[in-house]
Every structure is written in structure tokens, then in C-alpha cells.
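Numbering (the numbering used here), first residue to last: -1 to 375. Step one of this worksheet: look at the structure below.
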């Protein structure tokens, strides 16, 4: 066998092995998984001459002038962008947790990328590899300046910002694709931060309940498939030494007290174990109503404490993704010196991903325009 060919084969094998041994360095922890990334990712890792490999390996995530990219459904990306552009939870001078009348992300650019694939349908149909590849392709789109002006004009290419932070807004993307993105970035030594609302609230639920044999959580997730959260939290809980996870989810009818309605449905299941936390991964929920009800339940002066007090644990928490995504984004930008420091309102740019025609089913990134949305959406 040719000596150069032998060396090439050995190098490819080592790269594939590096992809299989997934080292998650985010949050100061190292986690090793034996699961191989999706083929689309391993192909990029092993082919050092590919455009994708070079793009990731040479990417500069420390440029403060770059943008924050948010991926998911149209509604979800818009909701997250609205929360971030309106956020005022911190002092912009010293970073302390107090509003100062100024937008926390003044001068920042938020790029929403709407996906019109039916994530839930992909998962239900068992097309998990497609879901994982779709997530990786989304991230690659955020790392390239290229976008199309129209699906009917392939030569009409426009420019877009590059990413300094990526937010996976979809629970499906987080559950099935975040691992592949992290594998890809770690294998090619790319430090572009990736966070997600689902990850943040699950991590907090586990971290605040370490030492328990069982973690019992409720989930209010809007249109996201609630059954994604149980396995996701269980995986994280196992690494924290929590043996078992009980996860339930309900829709809260409009007009009812959200917390009391949730606990009523929990009680109807006949579960005797008090709930440790409710995870709210719905940007449209009125959190003040939840907190007001919780204050009534935990006060011995109110009748609600007798009816509902035994349904929640003494250290019960309401963990919402709205405030956590603001906190995490602020922490990443401040901790890595990524704020633009421009004196202007936050701005939002909208894009969309649709499939190209043809057998390859490649994705096309467009400036958002409703007339280009596929007819089946």
C-alpha cells in the first residue's frame, strides 16, 4: 500500500475517533460519550479539504461586531429575539443584576433564522439523523456570509452578518442536534458558544436538586413536544447522581390560574411525590401570575396552602427559560468581552431556511419574505 495513502487513512481514523469521543468543555465540565456524531458531521471532521471543515477550523468567534443567531420555528425565534431586545435586567456599567433603564443588548444584532421543517413530525417519524443533520446545517449557515435574495435567483446573493453566539431555540434541535454541533466544534477546536433555553432550564433543575434519589418536574413548553424533556433531563440527572426522573407536562387552559391549574392536573395523576420544579419553556407565559400563585400556596395564611401545599416540595422552584436565556446571553457576551458597545437600539434581521429543489435536499438561506414560504407550511 502506498505510504501516503496509509498515512491519510490513519489520520482519517484518528479524526473519526476524536469525533466519537465527545468532550463537552462548556460550563467547566468534561463529559465523554461513546455515541458517534451523525454522518454529516463525521464527514466534515475527516475531510480537512472540505469547505465546511476549513470554515469551522478557521472561524473567529471573538469578533464583537458579529451577531447573535437564533434558530427554530418562526414563532419561536421571534419570541426569543423579542425577549432579548427588550431585556433590561442588568446594570450596563458594572454588570450587576439590576435594571438601569438601558437595554442590556443595546447595539447588538439578532439574526433570526426561521425553519419550516416540521421538527415534531421528523422526530415522530424516526428521522432523527435528518433532525441532527438539519441542526448542524443551521449552524454552518450562521458561520457563512452567504445568503440568497430569492429562491428563483441563484446568482442574486446577499451578505449577512456572522455569528458570535448561537441560540438553538428548538427543543428538538437541542435534544437531537446539540451533541453533534458540540462534537463538530470540539473536534475542530472552534470556540463559538452554543446555548439553548431547554438546556438552561434543565441544567438548573438538575443542579438545584443534586443529592435526591428522584427528581420530579413539570413542563410547560408551548408547542414543543413535552415528551422530549423527560429523556433529556434524565440524561443530565444521571450524570449528577440522581437515580430517577419523573417528568409530566400539561397545557394550561386560557383564563385559568396557570400554576393551580397545572397542579390540579398533576394531582389527578394520583402521584404522591411532591413536585420539585416547574420548567416553563414558553416565552409567552405570564410569569407574574405563576409567582403570585406560588406566594399564595407557600403562605400558611391562605387556603391554597392547605389544598396545594402538599403537591410541591419545600424547595420548589419555578424555572423559566425567558429570564435564563437573557442571563446566559448576557454572561457569554460579558464574560468573553463580546459586547459591541455601540450606542444604538438592538436590531433584528430575519432570515429563513427552505429546501432547494432536487434530490440532494440542500438548504437555502434567504432573507425572510412570506411569499417564499413553502405552501405546506
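Ideal Cβ placement from N, Cα and C applies to all residues, glycine included.
Just the Cα atoms here: how many angstroms apart are residue i and residue j?
| i | j | result |
| --- | --- | --- |
| residue 407 | residue 139 | Because the chain is modelled from -1 through 375, residue 407 falls outside the range shown and cannot be assessed. |
| residue 253 | residue 282 | 14 Å |
| residue 163 | residue 105 | 15 Å |
| residue 56 | residue 183 | 11 Å |
| residue 153 | residue 37 | 30 Å |
| residue 88 | residue 279 | 22 Å |
| residue 353 | residue 361 | 4 Å |
| residue 173 | residue 242 | 19 Å |
| residue 49 | residue 161 | 17 Å |
| residue 142 | residue 53 | 8 Å |
| residue 150 | residue 317 | 45 Å |
| residue 40 | residue 171 | 18 Å |
| residue 330 | residue 232 | 26 Å |
| residue 175 | residue 190 | 16 Å |
| residue 315 | residue 206 | 9 Å |
| residue 33 | residue 235 | 18 Å |
| residue 35 | residue 178 | 5 Å |
| residue 285 | residue 325 | 16 Å |
| residue 116 | residue 218 | 20 Å |
| residue 274 | residue 262 | 15 Å |
| residue 449 | residue 320 | Since the first residue shown for the chain is -1 and the last is 375, residue 449 is missing from the structure and cannot be characterised. |
| residue 381 | residue 366 | What the structure shows of the chain is the stretch from -1 to 375, and residue 381 is not part of that stretch, so it cannot be assessed. |
| residue 93 | residue 67 | 23 Å |
| residue 124 | residue 351 | 22 Å |
| residue 378 | residue 372 | What the structure shows of the chain is the stretch from -1 to 375, and residue 378 is not part of that stretch, so it cannot be assessed. |
| residue 238 | residue 342 | 43 Å |
| residue 344 | residue 265 | 44 Å |
| residue 328 | residue 62 | 13 Å |
| residue 270 | residue 364 | 51 Å |
| residue 192 | residue 297 | 40 Å |
| residue 294 | residue 300 | 6 Å |
| residue 268 | residue 81 | 37 Å |
| residue 346 | residue 84 | 12 Å |
| residue 51 | residue 95 | 40 Å |
| residue 276 | residue 216 | 4 Å |
| residue 97 | residue 69 | 27 Å |
Which stretch, first to last residue, makes up the beta strand (DSSP E) that contains residue i?
| i | result |
| --- | --- |
| residue 118 | Looking at the DSSP string, residue 118 is not in any beta strand (DSSP E); the run it does join, the alpha helix (DSSP H), is 117 to 122. |
| residue 365 | 361 to 365 |
| residue 346 | 345 to 353 |
| residue 69 | 65 to 70 |
| residue 212 | 212 to 218 |
| residue 111 | 107 to 113 |
Counting only beta-carbon atoms, is residue i nearer than 9 Å to chain D?
| i | result |
| --- | --- |
| residue 371 | In summary, chain D is missing from the structure at hand, where a single protein chain is found. |
Exposed or buried, residue i, counting other C-beta atoms within 10 Å across all chains shown (16 or more means buried)?
| i | result |
| --- | --- |
| residue 339 | exposed |
| residue 65 | buried |
| residue 71 | buried |
| residue 309 | buried |
| residue 212 | exposed |
| residue 108 | buried |
| residue 291 | buried |
| residue 369 | exposed |
| residue 158 | buried |
| residue 209 | exposed |
| residue 333 | exposed |
| residue 129 | buried |
| residue 200 | buried |
| residue 336 | buried |
| residue 60 | exposed |
| residue 289 | exposed |
| residue 204 | buried |
| residue 222 | buried |
| residue 122 | exposed |
| residue 323 | buried |
| residue 256 | buried |
| residue 186 | buried |
| residue 19 | With a pLDDT of only 38 at residue 19, under 50, the local geometry of the prediction cannot be trusted, and the value read off the model is given with reservation. Residue 19 is exposed by the Cβ-count criterion. |
How far does the alpha helix (DSSP H) with residue i in it extend, from its first residue to its last?
| i | result |
| --- | --- |
| residue 295 | 285 to 295 |
| residue 341 | First-last for residue 341: undefined, no H or E at that position. |
| residue 382 | Past the boundaries of the shown model lies residue 382; the chain is included only from -1 to 375, so the question cannot be answered. |
| residue 53 | 49 to 55 |
Q) Can we say the region 88 to 102 touches the region 187 to 200, given the rule of at least three CB pairs closer than 8 Å? A) no
Q) Between the region 217 to 234 and the region 245 to 255, do three or more beta carbon pairs fall short of 8 Å? A) yes
Q) Mind pulling the beta strand (DSSP E) runs of 3 or more residues that sit fully within the region 137 to 209? A) 144 to 148, 151 to 157, 161 to 166
Q) Would you say the region 71 to 82 touches the region 165 to 177, given that touching needs at least three Cβ pairs under 8 Å? A) yes
Q | Continuous beta strand (DSSP E) assignments of at least 3 residues falling wholly in the region 230 to 318 | A | 242 to 247, 273 to 278, 310 to 318
Q. Would you call the region 127 to 142 and the region 175 to 190 in contact, with 3 or more CB pairs under 8 Å?
A. yes
Q. Would you call the region 295 to 304 and the region 33 to 47 in contact, with 3 or more CB pairs under 8 Å?
A. no
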